[in-house]
Structures are given as structure tokens and as C-alpha cells.
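Participant:
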Amino acid sequence: MFDVSQIRKDFPILTREVNGKPLVYLDNGASSQKPDVVIDAVTRAYREEYANVHRGLHYLSNLATEKYESVRGIVAKFLNAADESEIILNTGTTEGINMVAYGWAMEHMKQGDNIVLSVMEHHANIVPWHFLRERLGIELKWVNIDDNGNLDPQSVIDAIDKKTKLVAITHMSNVLGTIVDVKTICHEAQSLGVATLVDGSQGAVHMPVDVQDIGCDFYPITGHKLCGPTGSGAIYVKAERMVEMRPFLGGGDMIKEVHKDTVIYNEPPMKFEAGTPGIVQTIGFGVALNYMMNIGLNNIAEYEAELKEYALSKTYCSKLA
Numbered sequence: 277m278f279d280v281s282q283i284r285k286d287f288p289i290l291t292r293e294v295n296g297k298p299l300v301y302l303d304n305g306a307s308s309q310k311p312d313v314v315i316d317a318v319t320r321a322y323r324e325e326y327a328n329v330h331r332g333l334h335y336l337s338n339l340a341t342e343k344y345e346s347v348r349g350i351v352a353k354f355l356n357a358a359d360e361s362e363i364i365l366n367t368g369t370t371e372g373i374n375m376v377a378y379g380w381a382m383e384h385m386k387q388g389d390n391i392v393l394s395v396m397e398h399h400a401n402i403v404p405w406h407f408l409r410e411r412l413g414i415e416l417k418w419v420n421i422d423d424n425g426n427l428d429p430q431s432v433i434d435a436i437d438k439k440t441k442l443v444a445i446t447h448m449s450n451v452l453g454t455i456v457d458v459k460t461i462c463h464e465a466q467s468l469g470v471a472t473l474v475d476g477s478q479g480a481v482h483m484p485v486d487v488q489d490i491g492c493d494f495y496p497i498t499g500h501k502l503c504g505p506t507g508s509g510a511i512y513v514k515a516e517r518m519v520e521m522r523p524f525l526g527g528g529d530m531i532k533e534v535h536k537d538t539v540i541y542n543e544p545p546m547k548f549e550a551g552t553p554g555i556v557q558t559i560g561f562g563v564a565l566n567y568m569m570n571i572g573l574n575n576i577a578e579y580e581a582e583l584k585e586y587a588l589s590k591t592y593c594s595k596l597a
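Residues 277 to 597, numbered by our numbering, are exactly what the sequence shown covers, in order.
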């Protein structure tokens with residue numbers, strides 16, 4: 277386990293008071309607070325190390341590029357991707373899901389095809405698919421949860437038919453905290469030739485994630501929920517799916533050559549990273565992931581389980597038992 281009191285000291289905001297009492301912050305599901313190591317890294321990047329990336333030959337540009345690109349490997353380690361080339365850096369889960377919608381699904385779906393979703397999805401994993409429904413005439417197939425707020429993986433599998441091209445399911449509900457058996461769903465979908473997207477915005481925060489073991493094709497995560505800066509994140513895309521994708525955005529960095537009558541795209545994953553990125557945000561994101569890994573996701577999961585049991589033991593219902 278770990279020393280909770282010591283970890284609390286890593287977060288400067290926890291020293292402040294609200295209404296004369298110590299701050300109690302219970303909104304990590306929306307956005308997490310930031311430890312000193314992340315705040316210091318962001319400050320240092322702006323004060324001492326800032327330059328644009330991938331474009332310059334001078335010292336600061338090379339330094340910024342090296343630090344920025346190192347985050348790709350950190351994310352790959354965090355998610356246990358087979359290779360860092362399967363990691364696309366972006367602004368977070370919302371961009372990642374839209375990237376799949378417009379870069380992959382738009383290319384591989386047609387009128388009459390369907391996507392399987394659960395009713396517990398975050399809007400970020402619903403609205404992009406409605407865009408495709410409106411534009412392509414695809415169907416959205418909804419899977420319900422049971423009375424306890426759980427999603428039966430078999431109910432998701434049973435919803436798959438010959439017209440299903442994608443299953444898009446959250447790893448953990450942002451409202452209920454329900455953990456979904458995404459491994460069973462993804463492996464069965466894979467055997468049926470159906471692509472899978474797992475929304476990792478909450479799941480990656482609370483437990484170790486192994487995308488190879490899960491067997492998903494797409495796994496987006498968000499930096500600001502992982503003790504990192506806002507505007508940072510990434511998406512894991514299995515190598516064989518990445519070659520099926522078209523660029524979601526056009527601009528600098530994602531191209532090798534631009535001519536009047538044609539363009540030559542960069543190699544993946546750079547092909548999907550258009551324009552000047554959130555350089556400092558991404559650097560801070562990498563520091564945050566290392567911070568989380570140093571604590572240990574297994575340790576975090578165990579401690580959260582203890583907190584849950586403690587909370588339940590103090591509820592009114594427990595006193596009636």
C-alpha cells in the first residue's frame with residue numbers, strides 16, 4: 277500500500293480551506309487535482325524549455341520535441357500497448373472518440389450498419405455516433421443495464437448482428453462507477469469481426485489497464501482526470517486498425533509534402549496529429565502518468581476498495597442491516 281498522508285502533501289490545493297474548514301474534494305470523476313510534480317513540470321516547460329515541436333533545429337525546439345515525444349512511450353507503458361506507434365496524442369477522450377467516428381467509422385460504415393452502445397455511456401461516447409446516424413443512416417443499438425447498475429457482457433454480445441461494425445462501451449461508468457467486463461465483450465466481438473472501442477476516461481484512472489489483454493481496437497484516455505493538465509490525452513489504436521483510418525484533421529505535422537494537386541501524408545501516428553499540439557499540456561500529462569504509475573494502479577484500486585467499504589459501513593442503510 278502507500279502512505280495516504282504523504283500523497284495528500286503532494287497536492288497543494290489540499291492545504292486551503294473553504295468556509296473555514298479543510299477542503300474536501302470529491303469531484304475527481306469530473307476532473308482531478310494536480311500534484312506538485314505536474315505543476316512544477318508545466319511551470320518549468322513554460323519558463324525554461326518552451327519552443328514549438330517537430331519544426332525547429334535549435335536547442336529549445338529539440339528539447340521540447342524530445343520531452344513531448346517521450347510521452348508517447350509513457351502512455352504506451354501505462355496502457356501496455358504493443359508499441360508506442362499505436363499511441364496518438366491529442367486533447368483527451370472526446371477528441372479520441374471523434375477521431376474514430378470520422379477517421380474510421382465514416383470510412384467503414386454505410387446505411388443500415390449499426391453500432392452497439394450501452395445506456396450508461398458518457399455523452400462523448402454517444403453524440404459522435406448520432407452524427408454518423410444523421411449523415412450515414414446507421415442504427416444505434418442500445419443495451420440496458422440491470423437493476424443494480426451492472427452491464428451484462430452477454431447482453432452486449434447478444435446485440436451484435438451481421439450489420440454491426442463497432443461496439444463502443446465504457447470501461448467504467450462516470451455516474452455509477454460500474455466496472456464493465458470489457459475483455460469478454462472485446463474478445464467475442466473480435467471473433468465476430470466487429471471492431472471495439474472502450475472509453476477509458478474513467479477506467480484508466482482507477483485500475484491497471486492492459487489493452488493487449490482487453491483486446492480492444494481503440495482505447496481513449498483523458499489527462500485531466502489522471503492528475504494531468506486539461507487539454508491533454510491520448511488514444512490507443514491497434515496497429516491494424518490505424519492503417520484503416522483516414523486523418524481526422526488536416527494541417528501541419530500530419531503531412532510530408534503539400535502540392536497544388538496532391539498531399540502526401542505523414543506516417544502514423546503523426547498522420548493523425550495535425551497542427552501545433554498542446555506541448556506543455558502533454559509534457560505535464562506524461563509526468564502525471566509517471567506519478568500514477570509510481571504510486572501503482574493496483575495500490576490505488578485496493579485503497580479505493582477500502583474507501584468504498586468504509587463509506588458503505590457509515591451509510592444509513594448499513595445501520596438497518
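Backbone N, C-alpha and C fix where the C-beta goes; we use that ideal spot for every residue, glycine too. Owing to the predicted nature of the structure, the values given are computational and were not obtained by experimental measurement.
Could you check how far apart the C-beta atoms of Lys274 and Val392 are, in whole angstroms? I think they sit under 8 angstroms.
Facilitator: It is not possible to answer for residue 274, since the shown part of the chain is limited to 277 through 597.
Participant: So for Asn575, helix, strand or coil by DSSP?
Facilitator: Three-state DSSP puts Asn575 in a helix.
Participant: Taking the alpha-carbon of Thr498 as reference, which of Gly296, Lys297, Asp423, Ser308 has the nearest alpha-carbon?
Facilitator: Out of Gly296, Lys297, Asp423, Ser308, Ser308 has the C-alpha closest to the C-alpha of Thr498.
Participant: First and last residue of the alpha helix (DSSP H) that includes Trp405?
Facilitator: 403–412 is the extent of the alpha helix (DSSP H) around Trp405.
Participant: Using 10 angstroms around the beta-carbon of Ile436, count the other beta-carbons present and answer buried if the total reaches 16, otherwise exposed.
Facilitator: By the 10 Å Cβ count, Ile436 comes out buried.
Participant: Check whether the segment 375–385 and the segment 513–523 touch, using three or more Cβ-Cβ pairs below 8 angstroms as the test.
Facilitator: They touch, by the three-pair rule.
Participant: Within 10 angstroms of the Cβ of Tyr586, are there 16 or more other Cβ atoms? Answer buried if so, exposed if not.
Facilitator: Tyr586 should be labelled exposed.
Participant: Please classify Asn574 as buried or exposed, where buried requires at least 16 neighbouring CB atoms within 10 angstroms.
Facilitator: The residue in question, Asn574, is exposed, as its Cβ has fewer than 16 Cβ neighbours within 10 Å.
Participant: Under three-state DSSP, which class holds Tyr541?
Facilitator: Here Tyr541 sits in strand by DSSP.
Participant: For my contact list, Ser431 and Val419 are in at a C-beta cut-off of 8 angstroms; report their separation, rounded to the angstrom.
Facilitator: About 5 angstroms; that satisfies the 8 angstroms criterion.
Participant: According to DSSP, is Asp475 part of a helix, a strand, or is it coil?
Facilitator: Strand, per DSSP.
Participant: Given this structure, state the Cα-to-Cα distance separating Glu383 from Ile283, to the nearest angstrom.
Facilitator: Going from the Cα of Glu383 to the Cα of Ile283 covers about 46 angstroms.
Participant: Tell me Ala510's beta-bridge partners as DSSP assigns them.
Facilitator: Its beta-bridge partners are Leu365, Ile497.
Participant: Could you round the C-beta distance between Gly413 and Gly388 to whole angstroms and report it? I think they count as a contact, below 8 angstroms.
Facilitator: That pair is a contact at about 7 angstroms.
Participant: Where does the unbroken beta strand (DSSP E) through Thr446 begin, and where does it stop?
Facilitator: Taken as a continuous stretch (DSSP letters only), the beta strand (DSSP E) holding Thr446 covers 440–446.
Participant: Between Pro404 and chain C, is any beta-carbon pair separated by less than 9 angstroms?
Facilitator: Structure shown: chain C not included; a single protein chain is present.
Participant: Taking the beta carbon of Phe561 as the centre, do at least 16 other beta carbons fall within 10 Å, making it buried, or is it exposed?
Facilitator: Buried, by the Cβ-count rule.
Participant: Just to confirm, are Arg348 and Pro545 a CB contact at a threshold of 9 angstroms?
Facilitator: Going by C-beta atoms, Arg348 is nearer than 9 angstroms to Pro545.
Participant: Exposed or buried, Glu324, counting other C-beta atoms within 10 Å across all chains shown (16 or more means buried)?
Facilitator: With fewer than 16 Cβ atoms within 10 Å of its Cβ, Glu324 is classed as exposed.
Participant: Measure the C-alpha to C-alpha separation of Glu293 and Val313 and round it to an integer number of angstroms.
Facilitator: If you take the alpha carbons of Glu293 and Val313, they lie about 22 angstroms apart.
Participant: What does a CB cutoff of less than 7 angstroms around Gly372 pick up in its chain, not counting 5 residues either side in sequence?
Facilitator: Excluding sequence neighbours, Gly372 sits near Asn366, Pro496, Gly509, Ile511.
Participant: How many angstroms separate the CA atom of Ile461 from the CA atom of Asp422?
Facilitator: When rounded, the distance between both Cα atoms is 17 angstroms.
Participant: Leaving out five residues on either side along the sequence, give the residues of the same chain with a beta carbon under 8 angstroms from the beta carbon of Leu336.
Facilitator: Only Glu325, Tyr326, Ala327 meet the Cβ criterion.
Participant: Would you kindly report the start and end of the unbroken alpha helix (DSSP H) that includes Asn338?
Facilitator: Start and end: 335–355.
Participant: Taking Leu408 and Met385 to be in contact with their CB atoms under 8 angstroms, please state how far apart those CB atoms are, rounded to whole angstroms.
Facilitator: Sure, about 7 angstroms apart at Cβ, within 8 angstroms.
Participant: Using a Cβ-Cβ cutoff of less than 6 angstroms, which residues in the same chain neighbour Lys532 once the five nearest sequence positions on both sides are dropped?
Facilitator: Cβ within range, chain order: Ile540, Asn542.
Participant: Ignore the nearest five residues each way along the sequence and tell me which others in Asn390's own chain have a CB closer than 8 angstroms to its CB.
Facilitator: Around Asn390: Ile414, Glu415, Leu416, Lys417, Asp437, Lys439, Thr440, Lys441.
Participant: Taking a contact to mean a Cβ-Cβ separation below 9 angstroms, would you say Ile559 touches Tyr344 in this structure?
Facilitator: Result yes, Cβ atoms of Ile559 and Tyr344 sit closer than 9 angstroms.
Participant: Would Tyr567 and Pro311 be called neighbours here (beta carbons separated by less than 9 angstroms)?
Facilitator: It is a contact, given that the beta carbons lie within the stated cut-off.
Participant: Counting along the chain, where does the beta strand (DSSP E) carrying Lys532 start and finish?
Facilitator: First-last of the beta strand (DSSP E) with Lys532: 531–534.
Participant: Is it the case that the Cβ atoms of Glu397 and Asp475 are separated by a distance below 9 angstroms?
Facilitator: For Glu397 and Asp475, yes; Cβs fall inside 9 angstroms.
Participant: Per DSSP, what kind of secondary structure is Pro298 in: helix, strand or coil?
Facilitator: Correct three-state label for Pro298: strand.
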